[in-house]
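Engineer: After the structure tokens below, expect a handful of questions from me.
Numbering (the working numbering), first residue to last: 126 to 752.
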């Protein structure tokens, strides 16, 4: 069965703070905003493999003139597809004999020449792709101040409750999805804000005059406070209101990332820092992170403010997103990923019995390359300290000093990925066939039955790729031992805030847990936790009962169980899987302490309910998302 999923996603936003004519005169083009949007979206293409969309808003247009333009695409290169279509409009306009580089003519005759743009990049983790799943989404009205253009990187765990709120308000939403539900909930309070100001002037001014007053006095903060107070989930959201106000908002736990930059000419926002730096040639310290529970609110006149719209909760910025999804050319992320590799060194040295001479180090896939560099730097430092101890401090050394002098880290490309894809999010039906064909090994490097291979990966989610492809290939190299290292800890629990990994039975760590429970004849414990999870469904403030099962075994016991699961039947080498410790993850990424994937410590009660529901689904044989 296929399921719809709309996350992990990215957003890009720009607001011109000066008239369009200013940009035409200075940069010689009416497409300044569009050009910058292309850069910001393209630099976040890692978040938009399944689709993209772009909406543009023109300010102060005459009645009867279109002021909202939107394109969406689910083609292979969706970003390029969208901007090719937009570019054709600019090319066509230049062929017009009346073509003028004047603001009034440009805005009246060329789409996507507005002062505001909002882009969305869709990353679906499973399920089919369609235009309907792509944002920005629109809520349209003849009153400019009631139009809403909306996009985000988000997921809500209490969709049923939010949907029922809309029903209680008298609405009949066209579908039950988090995107539509949030759009209509914000839209409802946008209408309420319009009505508040309308009633204020209804007996004093004409309706035409009231419309202007609404656009002048509308409070985006009021709208956000009323809309988001009962949300349970992670979100980075952006919206443009038809008259010219806009906002970008972040959840109270700061789960999803969100950054912005302001100068005299523009206000911009993205899901990552590097796209802003690239597009506007600013320094990283000029790019700010939106605080959790706060919103950047831009008024129609391009003034702005940072406003708290919900009470802040514990800072739980997502660590897994930082490890796996975010672009590594952010200097902070780059150093954090290197540190992840360095922190693994003590365990690696212990596993190879400090035999660096007969150990080859490698990595897979490319996303783990930075972590690999950190590991190599740490190993080189280890060798230098060892030489210093032996030759400078005259400490005892068991091995040959001549070998120590010539000792170097052996780095090789042992495994190559042939197909660009994230295997853990591939459609279930085709996974096994794909993973068996996407990797190749390099022969003639490993000395059979003598060398140990240490291969680092950024994460091991399902274990399918290891079992069906990588380990099978590595077996042919006949190494004495294979050590597979994950720079992230054991992924034990489902996510529900953006990265849709919600079917617990697919996690190799969970399968390892079930294996241990069966070996230890703990079937009664499984039934006990199942009943607790069932009872928890009636409570809003539920505990995560699945943690009790994991607490029965040590970290090392679970790693050993996982090793037995992924080890191919004919694998002749010794095999060990090493996982990053959670404490070390937090040391490496001190600003991103959202570790519920690994610990089960969800920042919201909705997360606990999802974990319990996922376990219930497993026990009942139901293979569907848990929220």
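Beta carbons are placed, not taken as given, at the ideal position from N, Cα and C, and that holds for glycine.
Computed from a prediction, not measured in an experiment: that's the story for all the values here.
When you compare each of 271, 533, 617 and 382 to residue 443 by their alpha carbons, which one comes out closest?
Structural biologist: Walking along the chain shown from the start, residue 443 turns up at place 318. Of the listed residues, the one whose Cα sits closest to residue 443 is 382.
Engineer: In the DSSP output, which residue or residues are listed as bridge partners for residue 290?
Structural biologist: In the chain shown, the residue the question calls residue 290 occupies position 165. DSSP, once it has assigned bridges, lists no residue as partnering residue 290.
Engineer: Helix, strand or coil: which one does DSSP assign to residue 725?
Structural biologist: Numbered from its first residue, the chain shown carries residue 725 at position 600. Note: residue 725 maps to coil in three-state DSSP.
Engineer: Just verifying my parser: in three-state terms, what is the DSSP assignment at residue 134?
Structural biologist: Translated into positions along the chain shown, residue 134 becomes position 9. Correct three-state label for residue 134: coil.
Engineer: Along the chain, where does the beta strand (DSSP E) that runs through residue 753 open and close?
Structural biologist: Given that the chain is displayed from residue 126 to residue 752, the structure contains no residue 753 and the question cannot be resolved.
Engineer: Measure the alpha-carbon distance for residue 445 versus residue 173 and round it to whole angstroms.
Structural biologist: Taking the chain shown and counting its residues from 1, one reaches residue 445 at position 320. Taking the chain shown and counting its residues from 1, one reaches residue 173 at position 48. Distance between the alpha carbons of residue 445 and residue 173 is about 18 angstroms.
Engineer: If you compare alpha carbons, which of 460, 483 and 412 is closest to residue 604?
Structural biologist: The count along the chain shown starts at 1 and reaches residue 604 at position 479. Looking at the Cα atoms, 483 is the closest of the given residues.
Engineer: When you compare only the Cα positions, how much space is there between residue 408 and residue 664?
Structural biologist: Your numbering for residue 408 matches position 283 in the chain shown. Your numbering for residue 664 matches position 539 in the chain shown. Near 48 angstroms, if we compare the C-alpha coordinates of residue 664 and residue 408.
Engineer: Classify residue 495: buried if its beta carbon has 16 or more other beta carbons within 10 angstroms, exposed otherwise.
Structural biologist: In the chain shown, counting from the first residue as 1, residue 495 sits at position 370. Residue 495 should be labelled buried.
Engineer: For residue 567, count neighbouring C-beta atoms within 10 Å of its own C-beta (all shown protein chains included) and say buried if the count is 16 or more, exposed if not.
Structural biologist: Mapped onto the chain shown, residue 567 falls at position 442. Classification of residue 567: exposed, given that the 10 Å Cβ count is below 16.
Engineer: Does the region 422–433 come into contact with the region 362–376, if we say contact requires no fewer than three beta-carbon pairs (one atom in each stretch) closer than 8 angstroms?
Structural biologist: Flag = yes, the region 422–433 and the region 362–376 touch.
Engineer: Can you list, in chain order, the residues of its chain with a C-beta nearer than 7 angstroms to that of residue 657? Leave out the 5 residues immediately preceding and following it.
Structural biologist: The count along the chain shown starts at 1 and reaches residue 657 at position 532. 670, listed in sequence order.
Engineer: Determine the closest residue to residue 163 out of 149, 288 and 178, with distance taken between C-alpha atoms.
Structural biologist: By one-based count along the chain shown, residue 163 stands at place 38. Checking every option, the nearest Cα to that of residue 163 belongs to 178.
Engineer: Got a sec, what are the start and stop residues for the beta strand (DSSP E) residue 609 sits in?
Structural biologist: The residue given as residue 609 occupies position 484 in the chain shown. Taken as a continuous stretch (DSSP letters only), the beta strand (DSSP E) holding residue 609 covers 606–611.
Engineer: Relative to the alpha-carbon of residue 533, which residue among 527, 505 and 522 has its alpha-carbon at the smallest distance?
Structural biologist: Stepping through the chain shown from its first residue, residue 533 is reached at position 408. The residue with the shortest Cα to Cα distance from residue 533 is 505.
Engineer: Just to confirm my understanding: we take residue 449, look at its own chain, exclude 5 residues before and 5 after, and list those with CB closer than 7 angstroms. What are they?
Structural biologist: The sequence position of residue 449 within the chain shown is 324, counting from 1. Contacts found: 492, 583 and 584.
Engineer: My assumption, with CB atoms under 8 angstroms, is that residue 140 sits in contact with residue 300. Please give the rounded CB distance.
Structural biologist: Here residue 140 refers to the residue found at position 15 when the chain shown is read from its first residue. Here residue 300 refers to the residue found at position 175 when the chain shown is read from its first residue. The pair is not a contact, with the Cβ atoms about 30 angstroms apart (cut-off 8 angstroms).
Engineer: How would you write the range of the alpha helix (DSSP H) that residue 495 sits in, first residue to last?
Structural biologist: Looking up residue 495 in the chain shown gives position 370. 494–512 is the extent of the alpha helix (DSSP H) around residue 495.
Engineer: According to the neighbour-count rule (16 or more other Cβ atoms, all chains shown, within 10 Å of its Cβ), is residue 185 buried or exposed?
Structural biologist: Along the chain shown, read from residue 1 onward, the residue named residue 185 stands at position 60. Per the 10 Å Cβ criterion, exposed.
Engineer: Grab me the residues of residue 296's own chain with a C-beta within less than 8 angstroms of its C-beta, minus the 5 sequence neighbours each way, in chain order.
Structural biologist: Here residue 296 refers to the residue found at position 171 of the chain shown. These residues qualify, in order along the chain: 309 and 313.
Engineer: So, with DSSP's three-state summary, where would you put residue 173?
Structural biologist: Position 48 of the chain shown, counting from 1, holds the residue named residue 173. The answer is coil: DSSP assigns residue 173 none of H, G, I, E or B.
Engineer: Can you check DSSP and say which residues form a bridge with residue 386?
Structural biologist: As a working note, residue 386 is residue 261 in the chain shown. DSSP output for residue 386 lists 393 as bridge partner(s).
Engineer: Taking Cβ to Cβ, would you say residue 277 is nearer than 8 angstroms to residue 470?
Structural biologist: Within the chain shown, the letter at position 152 stands for residue 277. Within the chain shown, the letter at position 345 stands for residue 470. Cβ atoms of residue 277 and residue 470: not closer than 8 angstroms.
Engineer: Nearest-angstrom Cα distance between residue 733 and residue 384?
Structural biologist: Position 608 of the chain shown, counted from the first residue, corresponds to residue 733. Position 259 of the chain shown, counted from the first residue, corresponds to residue 384. Their backbone Cα atoms lie some 28 angstroms apart in a straight line.
Engineer: Secondary structure at residue 226, three-state DSSP: helix, strand or coil?
Structural biologist: For the purposes of this step, residue 226 is taken as the residue at position 101 of the chain shown. Note: residue 226 maps to coil in three-state DSSP.
Engineer: Starting from residue 352, follow the alpha helix (DSSP H) in both directions and report where the run begins and ends.
Structural biologist: On the chain shown, position 227 is the one that residue 352 refers to. From DSSP, the alpha helix (DSSP H) with residue 352 extends over 345–353.
Engineer: Determine the burial state of residue 145: buried for a count of at least 16 other Cβ atoms within 10 Å of its Cβ, exposed for fewer.
Structural biologist: Counting from 1 along the chain shown, the entry for residue 145 is found at position 20. Residue 145 is buried by the Cβ-count criterion.
Engineer: What residues are listed by DSSP as bridge partners for residue 181?
Structural biologist: Taking the first residue of the chain shown as 1, we reach residue 181 at position 56. Paired residue(s): 194 and 242.
Engineer: Helix, strand or coil: how does DSSP classify residue 368 here?
Structural biologist: Along the chain shown, read from residue 1 onward, the residue named residue 368 stands at position 243. Three-state result, residue 368: coil.
Engineer: In the DSSP assignment, find the unbroken beta strand (DSSP E) run with residue 578 in it and report its ends.
Structural biologist: Start at 1 with the first residue of the chain shown, and residue 578 comes out as number 453. Its beta strand (DSSP E) spans residues 577–582.
Engineer: Quick check: residue 577 and residue 480, are their CB atoms within less than 8 angstroms of each other?
Structural biologist: Along the chain shown, one-based indexing puts residue 577 at 452. Along the chain shown, one-based indexing puts residue 480 at 355. Going by C-beta atoms, residue 577 is nearer than 8 angstroms to residue 480.
Engineer: Which residue's Cα is closest to the Cα of residue 274: 321, 181, 353 and 743?
Structural biologist: Counting from one through the chain shown, the residue named residue 274 turns up at place 149. Nearest of 321, 181, 353 and 743 to residue 274, Cα basis: 181.
Engineer: Can you look up residue 737 in the DSSP assignment and give me helix, strand or coil?
Structural biologist: Locating residue 737 in the chain shown gives position 612, counting from the first residue. It is helical.
Engineer: Rounded to the nearest angstrom, what separates residue 460 and residue 466 at their Cα positions?
Structural biologist: On the chain shown, position 335 is the one that residue 460 refers to. On the chain shown, position 341 is the one that residue 466 refers to. Approximately 10 angstroms between the Cα atoms of the pair.
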